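Asker: Taken in order, these protein sequences are the chains called A and B. Numbers given in our numbering equal positions in the first sequence, counted from 1, plus 242. Numbers given in our numbering equal positions in the second sequence, counted from 1, plus 242.
Number of protein chains: 2
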Amino acid sequence: MINKLVDKIKKTEAPIVVGLDPMMKFVPEHIKEAAFKEYGETLKGAGEAIFEYNKGIIDSIYDLVPAVKPQIAMYEQFGIEGLIAFKKTCEYAKSKDLVIIGDVKRGDIGSTSEAYAVGHLGKVKVGSKEYYGFDEDFATVNPYLGSDGINPFINVCKEEKKGIFVLVKTSNPSSGEFQDKVCDGRPMYEIVGEMVDKWGSDCMGDSYSYVGAVVGATYPEMGKVLRKLMPKTYILVPGYGAQGGKGKDLVHFFNEDGLGAIVNSSRGIIAAYQQEQYAKFGALNYADASRQAVLDMREDIKGALLGRKDN
Amino acid sequence: MINKLVDKIKKTEAPIVVGLDPMMKFVPEHIKEAAFKEYGETLKGAGEAIFEYNKGIIDSIYDLVPAVKPQIAMYEQFGIEGLIAFKKTCEYAKSKDLVIIGDVKRGDIGSTSEAYAVGHLGKVKVGSKEYYGFDEDFATVNPYLGSDGINPFINVCKEEKKGIFVLVKTSNPSSGEFQDKVCDGRPMYEIVGEMVDKWGSDCMGDSYSYVGAVVGATYPEMGKVLRKLMPKTYILVPGYGAQGGKGKDLVHFFNEDGLGAIVNSSRGIIAAYQQEQYAKFGALNYADASRQAVLDMREDIKGALLGRKDN
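1) Would you decide whether B/Glu333 is buried or exposed? Buried here means 16 or more other CB atoms lie within 10 Å of its CB.
2) Which of the residues in the stretch 492 to 507 of chain B, read from start to end, lie with their CB under 8 Å from any CB of chain A?
3) Which residues mark the beginning and the end of the alpha helix (DSSP H) in which B/Thr254 is found?
4) Classify B/Gly483 as buried or exposed, calling it buried when 16 or more other Cβ atoms lie within 10 Å of its own Cβ.
5) Between the C-alpha atoms of A/Lys400 and A/Trp441, what's the straight-line distance to the nearest angstrom?
6) Relative to the C-alpha of A/Val505, which residue among A/His494, A/Glu498, A/Ala513, A/Ala514 is closest?
7) With 16 other CB atoms within 10 Å as the buried threshold, where does B/Met446 fall?
8) Can you give, in chain order, each stretch of the alpha helix (DSSP H) that sits fully within the stretch 312 to 361 of chain A and has at least 4 residues?
9) Which whole-angstrom value describes the C-beta separation of B/Asp345 and A/Lys347, a residue pair presumed to lie in contact below a C-beta threshold of 8 Å?
10) By the three-class DSSP mapping on this structure, what secondary structure does B/Tyr373 have?
11) Please confirm if A/Lys440 has its CB atom under 8 Å from at least one CB of chain B.
12) Relative to the C-alpha of B/Gly510, which candidate in B/Ser389, B/Ile299, B/Ile244, B/Leu247 has its C-alpha closest?
13) Tell me the residue span of the alpha helix (DSSP H) that contains B/Asn393.
14) If we ignore side chains and look at the alpha-carbon of each, how far apart do A/Phe407 and A/Thr331 end up?
15) Taking the C-alpha atoms as reference points, what is the distance between B/Gly185 and B/Tyr374?
16) Counting along the chain, where does the beta strand (DSSP E) carrying A/Ser507 start and finish?
17) From which residue to which residue does the beta strand (DSSP E) around A/Gly298 run?
18) If we call anything under 8 Å between Cβ atoms a contact, is A/Ala357 one with A/Val398?
19) Less than 8 Å between the C-beta atoms of B/Val341 and B/Lys403, yes or no?
20) Got a sec: is the Cβ-Cβ distance from B/Ser353 to anything in chain A below 8 Å?
21) Please state if the CB of B/Gly454 and the CB of B/Ile477 are separated by a distance shorter than 8 Å.
22) Excluding the five sequence neighbours on either side, which residues of its own chain have a C-beta within less than 8 Å of the C-beta of B/Gly321, listed in chain order?
23) Return the chain-ordered list of same chain residues with a C-beta closer than 7 Å to the C-beta of B/Lys466, the five sequence neighbours on each side being excluded.
24) Determine whether the Cβ of B/Thr460 lies closer than 8 Å to any Cβ atom of chain A.
25) On a Cα-Cα basis, can you pick out the residue from B/Ser353, B/Asp390, B/Val536, B/Glu541 that is closest to B/Ser508?
26) I'd like the span of the beta strand (DSSP E) that includes B/Leu526, first residue to last.
27) Which bits of chain A does B/Ser389 rub up against, with CB to CB less than 8 Å?
28) Using C-beta distances below 7 Å, list every residue in its chain close to B/Pro257, excluding the 5 sequence neighbours before and after it, in chain order.
29) Is the number of C-beta pairs between the stretch 523 to 538 of chain A and the stretch 374 to 387 of chain B that are closer than 8 Å three or more?
30) Just to confirm my understanding: we take A/Gly435, look at its own chain, exclude 5 residues before and 5 after, and list those with CB closer than 6 Å. What are they?
31) Looking only at its chain, what residues have a beta carbon closer than 6 Å to the beta carbon of A/Met464, apart from the 5 residues adjacent to it on each side?
32) Of all the CB atoms in chain B, is at least one closer than 8 Å to the CB of A/Gln313?
33) Of all the residues that make up the stretch 278 to 294 of chain A, which are near chain B by a beta-carbon distance shorter than 7 Å?
34) Grab me the residues of B/Met266's own chain with a C-beta within less than 6 Å of its C-beta, minus the 5 sequence neighbours each way, in chain order.
35) Give me the residue from A/Glu318, A/Gly282, A/Ala291 with the minimum Cα distance to B/Thr354.
36) If you check the beta carbons only, do B/Val368 and A/Glu283 fall under 8 Å apart?
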């Protein structure tokens with residue numbers, strides 16, 4: 243799957259993943275009204291509304307980007323009905339040949355981590371049969387529990403030829419509270435980064451490993467260090483756009499070949515129509531606004547990478 | 243809810259939480275057969291089997307213990323149908339007045355962490371209505387992302403009078419890879435523990451705070467240090483039994499008042515009938531074996547705590 247992701251990034255010339263994090267306040271009124279008319283103001287109605295909203299966005303951007311990243315929390319908050327919408331979103335995006343990065347930030351130990359890996363990436367056994375649970379292509383994973391938490395994911399990834407992105411340095415303001423602590427002369431995020439490189443060395447695709455890393459666009463200097471520390475690791479970069487990251491902050495996350503990083507934007511794309519810049523599209527044409535936001539983001543990143551070569 | 247938990251621990255004299263982590267290999271054949279007969283070897287069949295299995299255990303132990311801790315990964319691996327079984331398990335345990343500790347180990351940032359908090363502990367808004375998603379009483383939370391990940395949970399806990407347990411030092415062999423790293427002269431788990439104490443100081447129940455900690459029974463010396471560092475923090479202690487922790491390892495996790503810790507046992511109780519010691523009960527009476535295992539565990543802990551006073 244890392245090979246497919248890299249191929250699609252090359253083809254689309256867009257190292258971009260669209261974060262499908264549908265908050266109800268992003269969903270246009272006409273979609274909410276239709277869903278509530280059919281199902282009432284219920285959890286099922288909410289699930290239906292966010293799925294329809296996602297569908298519009300996917301239809302509008304699937305030819306431009308390699309991947310989408312549904313954030314499961316935004317679905318899980320609606321309980322079972324929300325998770326049904328999550329699954330339908332993954333299935334629909336897959337039907338458009340998009341790579342699915344499940345932003346699930348799971349992480350536990352031993353058989354428990356294995357259960358998460360099986361549920362999100364692999365197949366579960368029921369008697370003599372096997373079934374996929376959510377069947378994403380990649381999942382994000384929390385490293386706090388160490389190798390015991392990661393290895394079960396890697397085993398499933400090898401079997402299914404899928405991948406994970408391990409949280410190394412997250413994009414949020416307080417990420418430094420623990421991640422930046424200096425241990426044995428080095429910050430924790432470097433220690434984690436080094437382990438990511440090691441975990442990945444054992445499961446390589448053609449040029450990058452199955453074990454990626456999450457490093458926030460909001461910390462470009464750390465991105466530079468981590469890029470060198472993990473040369474074969476694909477970096478998933480959140481924090482672009484709404485969180486303050488800009489194209490020029492991203493250049494150090496990429497390798498010289500222009501690969502090695504994929505940048506996420508969520509509300510900057512899916513709620514583009516609510517921003518002044520794209521307000522002219524209006525709520526009815528929210529998906530067209532999202533498409534324009536993707537095109538603009540692609541140019542921003544392309545420009546920044548070209549600028550790097552000029553220097 | 244922390245007050246209710248403490249009250250129930252006092253009443254039952256059992257600082258014990260039963261981990262409902264139903265692996266298919268634990269579920270007795272007669273339960274699997276009945277479920278597969280009705281629903282086939284399907285995800286729904288699996289969900290039905292684990293719910294029936296849990297129901298038997300809950301019926302058998304609800305008067306002995308204050309709380310159960312369903313491990314969501316074991317349900318999530320079966321996709322939507324598994325999560326329906328998780329929700330039904332929580333509801334059924336709640337109907338028996340058990341406190342529900344959702345072992346979900348979620349953790350993200352800002353609005354995303356808020357969505358997890360809302361989904362597991364709080365109410366989500368749909369138009370003019372509000373609904374509970376999974377409605378557990380406590381949830382376990384991963385601290386790697388710092389305060390940005392914890393505060394949204396605390397806000398929901400204050401509103402709902404519920405609580406969280408933050409991973410501080412986990413029970414697994416590799417937990418030290420990151421958690422034991424010495425930063426500014428102190429191991430990471432102490433730095434996290436100090437933050438737990440701080441987060442909790444702002445949301446106190448009668449004697450303990452809404453913000454608990456997870457510290458593994460397998461590291462008793464660290465438990466001793468953390469107990470002193472976080473005097474008002476309830477400690478959820480995994481690792482007893484199957485993972486190797488024994489009653490005598492637990493004494494330092496408790497305060498002088500005999501409170502302050504609740505010890506989890508999962509397979510040691512729910513799959514007791516598969517152990518030599520309880521094999522005489524047989525698979526048909528698996529729930530009676532679980533009851534006996536709880537009684538034995540209660541004696542083991544009681545004895546260890548009495549032993550402490552004698553010294």
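Backbone N, C-alpha and C define an ideal beta-carbon position, used for all residues, glycine too. All values reported here derive from a predicted model rather than from experimental measurement.
Answerer: Per the coordinate set shown:
1) Counted from its first residue, the second sequence places residue 333 of chain B at position 91. Exposed, by the Cβ-count rule.
2) Answer set for the stretch 492 to 507 of chain B: empty.
3) Here residue 254 of chain B refers to the residue found at position 12 of the second sequence. Start and end: 244 to 254.
4) The residue labelled residue 483 of chain B in the question sits at position 241 within the second sequence. Classification for B/Gly483: buried.
5) The count along the first sequence starts at 1 and reaches residue 400 of chain A at position 158. The count along the first sequence starts at 1 and reaches residue 441 of chain A at position 199. Distance between the alpha carbons of A/Lys400 and A/Trp441: 12 Å.
6) Numbered from 1 along the first sequence, position 263 holds the residue referred to as residue 505 of chain A. The candidate whose alpha carbon is nearest that of A/Val505 is A/His494.
7) As a working note, residue 446 of chain B is residue 204 in the second sequence. Exposed is the call here.
8) 315 to 318, 321 to 337
9) Counting from 1 along the second sequence, the entry for residue 345 of chain B is found at position 103. Counting from 1 along the first sequence, the entry for residue 347 of chain A is found at position 105. With 8 Å as the limit, B/Asp345 and A/Lys347 do not qualify as a contact, their Cβ atoms being about 15 Å apart.
10) Taking the second sequence and counting its residues from 1, the one referred to as residue 373 of chain B is at position 131. Note: B/Tyr373 maps to strand in three-state DSSP.
11) Reading the first sequence from its first residue, position 198 is the one you call residue 440 of chain A. So no, A/Lys440 is outside the interface.
12) For this step, residue 510 of chain B is matched to residue 268 along the second sequence. It is B/Ile299.
13) Working through the second sequence from its first residue, we reach residue 393 of chain B at position 151. Residues 389 to 402.
14) The count along the first sequence starts at 1 and reaches residue 407 of chain A at position 165. The count along the first sequence starts at 1 and reaches residue 331 of chain A at position 89. Near 20 Å, if we compare the C-alpha coordinates of A/Thr331 and A/Phe407.
15) Nothing can be reported for residue 185 of chain B, as the shown portion of chain B is limited to 243 through 553.
16) Counted from its first residue, the first sequence places residue 507 of chain A at position 265. That run of the beta strand (DSSP E) goes 503 to 507.
17) The sequence position of residue 298 of chain A within the first sequence is 56, counting from 1. Not the beta strand (DSSP E): A/Gly298 falls in the alpha helix (DSSP H), residues 285 to 303.
18) Counting from one through the first sequence, the residue named residue 357 of chain A turns up at place 115. Counting from one through the first sequence, the residue named residue 398 of chain A turns up at place 156. No, Cβ-Cβ distance for A/Ala357 and A/Val398 is not below 8 Å.
19) Counting from 1 along the second sequence, the entry for residue 341 of chain B is found at position 99. Counting from 1 along the second sequence, the entry for residue 403 of chain B is found at position 161. Their beta carbons are not under 8 Å apart, which means B/Val341 does not touch B/Lys403 by this criterion.
20) Stepping through the second sequence from its first residue, residue 353 of chain B is reached at position 111. By this cut-off, B/Ser353 is an interface position.
21) Reading the second sequence from its first residue, position 235 is the one you call residue 477 of chain B. Reading the second sequence from its first residue, position 212 is the one you call residue 454 of chain B. Yes, the Cβ-Cβ distance between B/Ile477 and B/Gly454 is below 8 Å.
22) Within the second sequence, residue 321 of chain B is the residue found at index 79, counting from 1. These residues qualify, in order along the chain: Leu285.
23) Reading the second sequence from its first residue, position 224 is the one you call residue 466 of chain B. Correct list, in chain order: His494.
24) Here residue 460 of chain B corresponds to residue number 218 of the second sequence, with the count starting at 1. No, because no Cβ of chain A sits closer than 8 Å to the Cβ of B/Thr460.
25) Position 266 of the second sequence, counted from the first residue, corresponds to residue 508 of chain B. The candidate whose alpha carbon is nearest that of B/Ser508 is B/Val536.
26) Taking the first residue of the second sequence as position 1, residue 526 of chain B is located at position 284. B/Leu526 -> no beta strand (DSSP E), and no H or E assigned at all.
27) Sequence index remark: in the second sequence, residue 389 of chain B carries index 147 (1-based). Per Cβ cutoff of 8 Å: Ser416, Glu419.
28) Residue 257 of chain B sits at position 15 when you count from the first residue of the second sequence. Spatial neighbours of B/Pro257 in its own chain (CB-CB distance under 7 Å, excluding positions within 5 residues in sequence) are listed in chain order as Ile251, Ala503, Ile504, Val505, Ile543.
29) no
30) Taking the first residue of the first sequence as position 1, residue 435 of chain A is located at position 193. Result list for A/Gly435: Val410, Leu468, Leu471, Met472, in chain order.
31) Your numbering for residue 464 of chain A matches position 222 in the first sequence. Taken in chain order, the residues that qualify are Lys411.
32) In the first sequence, the residue the question calls residue 313 of chain A occupies position 71. Yes - at least one Cβ of chain B is within 8 Å of the one on A/Gln313.
33) Phe278, Glu283, Thr284, Leu285, Gly287, Ala288
34) Stepping through the second sequence from its first residue, residue 266 of chain B is reached at position 24. Nothing meets the Cβ criterion.
35) Numbered from 1 along the second sequence, position 112 holds the residue referred to as residue 354 of chain B. The candidate whose alpha carbon is nearest that of B/Thr354 is A/Glu318.
36) Numbered from its first residue, the second sequence carries residue 368 of chain B at position 126. Numbered from its first residue, the first sequence carries residue 283 of chain A at position 41. The answer is yes: Cβ separation under 8 Å.
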